[in-house]
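One structure is given below, encoded as structure tokens.
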Amino acid sequence: MAKIRRFSAYRNKVGPAYTRTSRYRAKSFIRMNKNPRIIKWHMGDIKKDFEYKYTVVSKGDLQIRDLAIESGRMVCNRVLEKDLGKDNYYFHLRLYPHHILRENALAAGAGADRLSTGMSHCFGKTVGVAARIKKGQAIAEVRVNKSGLELGKKAASLIKTKLPGTYTIVLEKIEKAEA
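The working numbering numbers the first residue of the sequence shown as 111 and each following residue consecutively.
In structure tokens form, the structure reads like this:
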């Protein structure tokens with residue numbers, strides 16, 4: 111089985127985003143597009159109004175692989191669903207992995223010099239997708255009522271453990287709009 115390259119090679123944003131895909135193959139700069147492995151972006155009760163909102167905000171610019179986003183989503187949603195139930199929270203992922211990651215696969219071992227081109231022709235093949243995050247950008251939000259405040263903070267802090275970089279959690283009281 112092929113191993114995934116460590117993400118420290120991709121974490122810091124270098125150069126322009128590599129995202130040019132099209133419905134028509136001839137118009138695409140990127141011929142092979144990897145689909146993001148994120149299952150859902152909205153979880154819980156979408157239509158219900160909640161009193162409080164926890165937002166996970168990035169402290170720096172970086173890239174996050176889709177597997178890390180999915181891992182954070184799963185751990186947060188599991189805690190909220192198990193303790194609050196499906197109707198007492200709303201969880202929303204606020205990012206989408208558009209940036210396509212490339213890797214120049216280098217062969218190692220006996221006979222590798224016949225297989226590898228080295229650093230000539232080193233553009234690389236697509237290996238996955240990542241989201242590009244700016245400083246101050248919201249990653250996810252958890253909406254709960256007063257009874258679920260403590261659990262909402264716990265769930266928001268669990269997302270931070272699964273993602274690279276540093277984050278802050280911001281609590282806001284949602285004002286109801288009067289019609």
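Glycine residues also receive a C-beta, built at the ideal position from the N, C-alpha and C atoms.
Inter-residue CB distance, residue i and residue j (contact presumed, cutoff 8 Å)
{"i": "V239", "j": "K144", "result": "5 Å"}
{"i": "A241", "j": "I140", "result": "Their Cβ separation, rounded to whole angstroms, is 16 Å, which puts A241 and I140 out of contact at 8 Å."}
{"i": "I269", "j": "I249", "result": "7 Å"}
{"i": "K263", "j": "I279", "result": "7 Å"}
{"i": "Y200", "j": "F160", "result": "6 Å"}
{"i": "D171", "j": "K286", "result": "Actually they do not touch by this definition, with Cβ atoms about 35 Å apart."}
{"i": "P352", "j": "D176", "result": "In the structure displayed, the chain extends from 111 to 289; residue 352 sits before or after that span and is not available."}
{"i": "L281", "j": "V189", "result": "That pair is no contact at about 17 Å."}
Between the CA atoms of residue j and residue i - distance to the nearest angstrom
{"i": "L194", "j": "G258", "result": "7 Å"}
{"i": "P274", "j": "H231", "result": "30 Å"}
{"i": "E191", "j": "T129", "result": "34 Å"}
{"i": "T227", "j": "L205", "result": "36 Å"}
{"i": "T131", "j": "Y162", "result": "38 Å"}
{"i": "G234", "j": "R115", "result": "13 Å"}
{"i": "K158", "j": "A136", "result": "45 Å"}
{"i": "N214", "j": "V254", "result": "45 Å"}
{"i": "K113", "j": "M184", "result": "23 Å"}
{"i": "R147", "j": "M229", "result": "30 Å"}
{"i": "Y164", "j": "A266", "result": "7 Å"}
{"i": "K272", "j": "K256", "result": "26 Å"}
{"i": "Y277", "j": "V166", "result": "6 Å"}
{"i": "R212", "j": "N187", "result": "30 Å"}
{"i": "M142", "j": "S168", "result": "30 Å"}
Which residues DSSP lists as bridging residue i, in chain order
{"i": "R201", "result": "Note on residue identity: the sequence assigns Phe, not Arg, to residue 201. Its beta-bridge partners are M153, V252."}
{"i": "H209", "result": "A240"}
{"i": "T278", "result": "V167"}
{"i": "Q173", "result": "R242"}
{"i": "Y162", "result": "V254, K283"}
{"i": "K235", "result": "E213"}
Below 8 Å, how does it come out for the segment 207 to 222 and the segment 152 to 162: are there three or more Cβ pairs, yes or no? With the rule of 3 Cβ pairs closer than 8 Å, the segment 207 to 222 does not count as touching the segment 152 to 162.
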